[in-house]
Structures are given as structure tokens and as C-alpha cells.
Amino acid sequence: MPKGSFVYDRWVMLGLTVFSYQGLSFCDNFGIYSAQVKQQYGFSQDQLDSIATAGFWPNLVGAAIIPGLVNDRYGAPVTLVGAGVFTFLGLFVFWLTISEGIPIVAGSPHAQLMLCAGLTSWGLQWPSAAVM
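For the sequence shown, my numbering gives the first residue as 6, with consecutive numbering after it.
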């Protein structure tokens, strides 16, 4: 992105960072709303546990490698845009799934919610790479 781009504005970068860290609430607060998800879809406790665990897989597999490579190549502003994009995708698809705004596309609501948790958590890896 060119230096004059809006992404290079420090407030835009700060906003993208704060937004991506809001995605942390998806993983950390899942226990608060998991009872409603369990009731809505008839999930077992094992399925709820796997959704919560899916939110932490990026930390386990070293998912900061890709954001780190993007940061090295394109710089912090582009990396923070990546953070915002993945966090938005994860939270938006989660909201659409729970509100039944879209049909279940990942085969089952369980798999789709696991995907949402993983995407949202991966969005959290990007600001860390941009700061380093």
C-alpha cells in the first residue's frame, strides 16, 4: 500500500488492533453463551468443548508465522488490515450462524462454529506480528 494510504494513519492502525483484540472475547467468553448455543443446536458438552478448543488452535500450530511473513514483506499496516479482516470474518460468520442468517455451509453447525472460532483467533495473531 502506498505511504499516503489511509491504512498508514496511526488511528486506523490502532482501531484495527483494538478491533482484532475484541475477537478474543469470542474465545474467552464462550462459556458465557455456550449454554444458549448448546440449547439452540442440541450440542453435547464434547461438541461445545471442541468449539472452544478450536479457538486456540492458531496458538498451538504457530499461526503467527504467516502474519510474520506478511509483516516482513509488506509492513505493519498491511498486517493490521489482515488482523481486521480475519477477526471480522470469524465474528461475522459466527453471528450469521447463530442468528440463522445463513444456511450451515461447513457441513454442520458444529464444524462451522469451529471454523469461526479458529478464524477469529487467527485474527489475533496478526497484531502481535505487526508489533514485533
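Heads up, the beta-carbon is just placed ideally off N, CA and C, and yes, glycines get one too.
Remember, predicted model here, so these are calculated numbers, not experimental data.
Cβ pair residue i, residue j closer than 7 Å
i   : j    : result
G20 : A59  : no
M18 : P72  : no
P63 : S126 : yes
S25 : G128 : yes
C-alpha gap between residue i and residue j, whole angstroms
i    : j    : result
S113 : V42  : 13 Å
Y46  : Q117 : 12 Å
A88  : A57  : 20 Å
L85  : F93  : 12 Å
V98  : F91  : 11 Å
Nearest residue (CA-CA) to residue i, options the options
i    : options          : result
I103 : Y79, F35 and T22 : F35
Return the chain-ordered ranges of every alpha helix (DSSP H) run that is complete within the stretch 65 to 91 and spans a minimum of 4 residues.
Entirely contained in the stretch 65 to 91, the alpha helix (DSSP H) runs reaching 4 residues are, in chain order, 70 to 79.
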